[in-house]
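What follows is a single structure, written as structure tokens, with notes after it.
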Amino acid sequence: MRFTSPLFLLLLLFLPITVWLGYPAAGQSRKRELTSLILRLVIVLCLILAISGLEIVQSGDNLAVVFLVDVSDSMPQQAVDAEVGYIREALQSMGVDDQAAVILFGADALVERPMSALNELAEITSVPITNQTDLAEAIQLGLAMFPSGFAKRMVILSDGAETTGNAAKAAEFAAASDVQIVVVPFVNQIDAEALVTEVDAPTHLRSGEKFDLNVSIQANQSMQATVRVFSQSEMIYEGGHDLHKGLQTLSLPLTAQDPGFVTYQVQVTPQQDAFYQNNRLDTFSQVEGPPRILVVAPPEGEVIPGGEVRPDETSLLLASLTSAGFDVKMIAPNLLPADLPTLAQYNSVVLVDVPARQLDRNQMETLQSYVRDLGGGLVAVGGPTSYGVGGYYGTPLEDALPVDMQIKDEKRRPSLTIVFIIDHSGSMSETSGGVTKLELAKEAAARSVELLFPNDHVGVIAFDDTASWVVPITDLQNPADIVNAIGTIQIGGGTDIYAGLLAMSKVLPDDPSKAKHVILLTDGGADITGIPELVKKLYEENGITLSTVGVGNDAAPFLKDIAAIGGGRYHFTNNASTIATIFTEETTLATRAYIVEESFFPTLVNSSPILANITEVPQLHGYVASSAKDLAQVILESEKGDPILATWQYGLGKSVAFTSDATGRWARDWARSEIFPTFWVQAVRYTINDSLNSALQMSIDTQGENASITLDARDRAGGFLNGYQVEASIVAPNGEAQTVTFTQTAPGRYESAFTPTEQGIYLIHFSGTTDSGSESASFAETTGWALSYSPEYQRIESDPDLLLRLSALANGQVASPLPADVFKHDLKATRATQPIAPLLLLIAALLLPVDIAVRRLIVTKTDLIRLREWVQQKTTLRRAQGEVPAQTSPQMEALFSAKSRVRDNVPVTRVDSSAHEMPVETESVSSPEKEARETPSKVEESTSTTSALLARKKNIRK
235 MRFTSPLFLL LLLFLPITVW LGYPAAGQSR KRELTSLILR LVIVLCLILA
285 ISGLEIVQSG DNLAVVFLVD VSDSMPQQAV DAEVGYIREA LQSMGVDDQA
335 AVILFGADAL VERPMSALNE LAEITSVPIT NQTDLAEAIQ LGLAMFPSGF
385 AKRMVILSDG AETTGNAAKA AEFAAASDVQ IVVVPFVNQI DAEALVTEVD
435 APTHLRSGEK FDLNVSIQAN QSMQATVRVF SQSEMIYEGG HDLHKGLQTL
485 SLPLTAQDPG FVTYQVQVTP QQDAFYQNNR LDTFSQVEGP PRILVVAPPE
535 GEVIPGGEVR PDETSLLLAS LTSAGFDVKM IAPNLLPADL PTLAQYNSVV
585 LVDVPARQLD RNQMETLQSY VRDLGGGLVA VGGPTSYGVG GYYGTPLEDA
635 LPVDMQIKDE KRRPSLTIVF IIDHSGSMSE TSGGVTKLEL AKEAAARSVE
685 LLFPNDHVGV IAFDDTASWV VPITDLQNPA DIVNAIGTIQ IGGGTDIYAG
735 LLAMSKVLPD DPSKAKHVIL LTDGGADITG IPELVKKLYE ENGITLSTVG
785 VGNDAAPFLK DIAAIGGGRY HFTNNASTIA TIFTEETTLA TRAYIVEESF
835 FPTLVNSSPI LANITEVPQL HGYVASSAKD LAQVILESEK GDPILATWQY
885 GLGKSVAFTS DATGRWARDW ARSEIFPTFW VQAVRYTIND SLNSALQMSI
935 DTQGENASIT LDARDRAGGF LNGYQVEASI VAPNGEAQTV TFTQTAPGRY
985 ESAFTPTEQG IYLIHFSGTT DSGSESASFA ETTGWALSYS PEYQRIESDP
1035 DLLLRLSALA NGQVASPLPA DVFKHDLKAT RATQPIAPLL LLIAALLLPV
1085 DIAVRRLIVT KTDLIRLREW VQQKTTLRRA QGEVPAQTSP QMEALFSAKS
1135 RVRDNVPVTR VDSSAHEMPV ETESVSSPEK EARETPSKVE ESTSTTSALL
1185 ARKKNIRK
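Residues 235 to 1192, numbered by my numbering, are exactly what the sequence shown covers, in order.
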């Protein structure tokens, strides 16, 4: 017996005081009060013992065994099968009262079988992460599964190749918990294995510089292998090498290419190998050179929607940037890198009149992350297919720019009614990127509704082989209702474009809006009969413009013609995901307010380094209207108050928006002016991160699944940079970004931590800011870190010595060859505890009403007599009603017996009547001897009486 909270036993000291205060005085009720006092003492005693945690300790000889099964990648499948077979054989020797559990572990630990008395193991279903071996976590989970009152044994089946955690500390804790550790070592033999252990490249290079990439390879036997090196997804080296047993270093001659952040990936392909995971390592270098600028522009001569041929929009801009010493590269929009490591090679990206529909979602999100997370620069140059009219609304591109795509001054826009005619035929059920074309069309219409003002009107028609109004023409007072209605469109049957146009023509001409526009979307063909005539009539007589969107190669070929007839634009796309940007383009253009083509002199609003040494600017003749964001800085604006030049800080980077163009269309006076090259060079240079002259040294130490970062920051003179607010944006190889904040721990030293997720190069952009007097100082730098493959693939040999150390720490042993010995009862008896607090509380609860009854109820001798009489009356009444059978005399029992025999024709013997004079026993129950003696007499008496009665009856008849 023991107590878990013995301090509460001090309350027992109050019991004598309770007895002294409550002891009854002499009197008539003393016995009753004394009984109540005793009951109260028992109740209080039960409560004190309960809160003191009274437990009953019992000794037992039951055994509980937890099996820890290593299924990490260092254990071949044959070894795992042997582990499972060992457990199944051991379970056959379980005692009746024994129990066993099974845990599978690798990088994590999972319970395969909870503690159970079954002597069978079902098929293995748990799937732990296998790229590491965390034996410590498995031991900790196993300790939590042991029941109380059992001898405890833990059986570890593993090769001992621990890669994370501290199994020794876990074993010490097991020993403190009286758990014996028994180990079953597995020594795995790998026939042939080669692994890359290190790749070393210079941290800084110059463009065109020759250098050696040092690759260290370890092999457990001689073999041949092919070594390949990739840079930015391009193979720059391939060669065969003879590997000898042991560690060797290969020096591969390479040449630094373009400036920027360059990654190198080394792949080794041995002729024979066990693990492919350890055949690759990554590294990086910073190739120094002039700032690299990536210019993205559609090709000259391209026909844009509306029939206009795109002019030369880049030659003057490229010449200006190149003459300033920038390393400039120009590409088409579809070639914009969709991965951050490639985009990180450039200091800034310039978009020249790029429509959003020419960029996919992944490209725009990568560009957004490049500016926000890596501190890259972005310059957007306007034109008739950019900003709002280029479909930027609601895209990551709009998020990165300092301007919104909507005009917020409603008075500047004419009233607009727009009708969407959407094909919902069966072919619209085809998917694009996992989403049907119809769903993309509905999303596009919903996004376009967001661009409209409350006083605008919108209608939606869905057509297949018939047409119906999904949203009758209505204002935008409740846009959510309109979006919900659009969402109800479902897949239908055929395709009748004329039906959709006819339904529109019966309603839209009577609408009072000044601007009326129709967007027709279809992916199929149809009969053209009547369509051109109807579109022409609506355009010429009612001013209704029509734009068409053809999705896929099966779209009706006449869509381009009817768009021209209807004064609209034709869009064709094979990528249904661009439907949304096309719809927003058309919705913006339909307002006839976003492209402003008039001559004006921009007004200076704020000073900026972009306008350094520029005292005046020439006229502009057009721009795309937009609205500045709240945190943006507007530098130049139009006479209407629209931003012409705006900048802002977006995350770690900067972006610039110039809403006019860089060609002879709207900026012809600028192109002929001396300020043109100065302006554009300074605009691009503004977006390139300039940092305080500093020397940053970074080191990263991995600990299990986490990595700690240490940053040592000094200025160029060697002084510590103290008191800075330091952050780092860390971009994983898969493009996911996370931001960490640093804490200063020593002069110039800042520390933080993060969790790497996959092997490869991590881009890390540091930024530190501080206030020094009235001026702000900062530093920024982008670097990288290479995460190697898991340590699970670095150790190609088993470590049975670790298992032996664990067993020694926990009073264990190496398991005998016989699995049955696992359940051998050779451990000391354990003591199980059974808490009895619930029982004590129950006793106290039951005694409480008894105590109340003793104190409140008075029962006298008279009450007991009355109770007895009442019980007797009830018994008598039940007898009278046949509930209690009355006792009968022996004579009556004899008569009933004789009568029964007569009824059954049993012969009887006549006896003398003197039998009536025999003494009668008065006992209600006769002894066996008396019954044997009295039975003949009773029979004779009954027979004599019957004979006399029969004789008298015969005489009467005669």
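Each residue gets a CB set at the ideal place from its N, CA and C atoms; glycine is no exception. Remember, it's a predicted structure, so these values are computed and weren't measured experimentally.
Delimiting residues of the beta strand (DSSP E) encompassing residue i
| i | result |
| --- | --- |
| proline 791 | No beta strand (DSSP E) holds proline 791; DSSP gives it neither H nor E. |
| proline 877 | 877-884 |
| aspartate 715 | Here aspartate 715 belongs to no beta strand (DSSP E); instead the alpha helix (DSSP H) covers 713-720. |
| leucine 447 | 444-453 |
| isoleucine 415 | 413-419 |
| methionine 349 | 343-350 |
| lysine 563 | 561-565 |
| glycine 195 | What is shown of the chain runs 235 to 1192, which leaves residue 195 out entirely. |
| threonine 708 | 701-709 |
Rounded Cβ spacing between residue i and residue j (contact assumed at less than 8 Å)
| i | j | result |
| --- | --- | --- |
| threonine 269 | valine 1088 | 5 Å |
| leucine 685 | threonine 818 | 6 Å |
| valine 463 | isoleucine 470 | 5 Å |
| lysine 794 | asparagine 776 | So it is not a contact: roughly 22 Å between Cβ atoms. |
| valine 1204 | isoleucine 321 | No information on residue 1204 is available, as it lies outside the stretch 235 to 1192 that the chain covers here. |
| threonine 821 | valine 785 | Between valine 785 and threonine 821 the Cβ distance is about 18 Å, and since that is not below 8 Å, they are no contact. |
| isoleucine 844 | alanine 917 | 5 Å |
| aspartate 709 | proline 688 | 7 Å |
Classification of residue i by the beta-carbon crowding that lies within 10 angstroms, buried from 16 upward
| i | result |
| --- | --- |
| leucine 249 | exposed |
| valine 330 | exposed |
| arginine 387 | buried |
| arginine 236 | exposed |
| tyrosine 626 | buried |
| glycine 340 | buried |
| tyrosine 580 | buried |
| glutamate 767 | exposed |
| leucine 968 | Sequence inspection shows asparagine at residue 968; the leucine mentioned does not correspond to that position. Looking at its Cβ environment, which holds fewer than 16 other Cβ atoms inside 10 Å, asparagine 968 is exposed. |
| arginine 1102 | exposed |
| glycine 800 | buried |
| histidine 1059 | exposed |
For residue i, the first and last residue of its enclosing alpha helix (DSSP H)
| i | result |
| --- | --- |
| aspartate 311 | Note on residue identity: the sequence assigns glutamine, not aspartate, to residue 311. That run of the alpha helix (DSSP H) goes 311-325. |
| methionine 598 | 595-606 |
| glycine 256 | 248-256 |
| aspartate 1085 | 1071-1090 |
| valine 653 | That residue, valine 653, is in no alpha helix (DSSP H); its beta strand (DSSP E) goes 650-657. |
| glutamate 396 | Careful: glutamate 396 lies outside any alpha helix (DSSP H) and carries neither H nor E. |
| lysine 1095 | 1095-1114 |
| proline 911 | 909-921 |
Distance CB(residue i)-CB(residue j) smaller than 9 Å
| i | j | result |
| --- | --- | --- |
| alanine 810 | leucine 593 | no |
| serine 963 | histidine 999 | yes |
| isoleucine 424 | isoleucine 1030 | yes |
| glutamine 452 | threonine 497 | no |
| leucine 391 | valine 303 | yes |
| leucine 1043 | alanine 402 | yes |
| tyrosine 621 | valine 449 | no |
| leucine 1036 | leucine 369 | yes |
| glutamate 443 | aspartate 507 | no |
| arginine 544 | isoleucine 816 | no |
| leucine 288 | leucine 1082 | no |
Proximity test, residue i beta-carbon vs the ligand ATP heavy atom, cut-off 8 Å
| i | result |
| --- | --- |
| phenylalanine 518 | No copy of the ligand ATP occurs in the structure displayed, which carries no ligand at all. |
Stretch pair the stretch 959-976 + the stretch 561-571: three plus CB contacts closer than 8 Å: no
The stretch 610-627 touching the stretch 577-589, judged by at least three CB pairs closer than 8 Å: yes
Meets three-Cβ-pair contact criterion under 8 Å: the stretch 1011-1030 and the stretch 504-518: yes
Meets three-Cβ-pair contact criterion under 8 Å: the stretch 602-610 and the stretch 881-890: yes
Touch test, the stretch 402-421 against the stretch 1091-1098, Cβ-Cβ under 8 Å, three pairs minimum: no
Cβ contact check for the stretch 711-728 and the stretch 651-667: 3 or more pairs under 8 Å: yes
Contact between the stretch 524-533 and the stretch 566-582 (3+ Cβ pairs under 8 Å): yes
At least 3 beta-carbon pairs within less than 8 Å: the stretch 849-868 vs the stretch 986-1003: no
Inter-stretch contact at 8 Å, needing at least 3 Cβ pairs: the stretch 1040-1055 / the stretch 278-298: no
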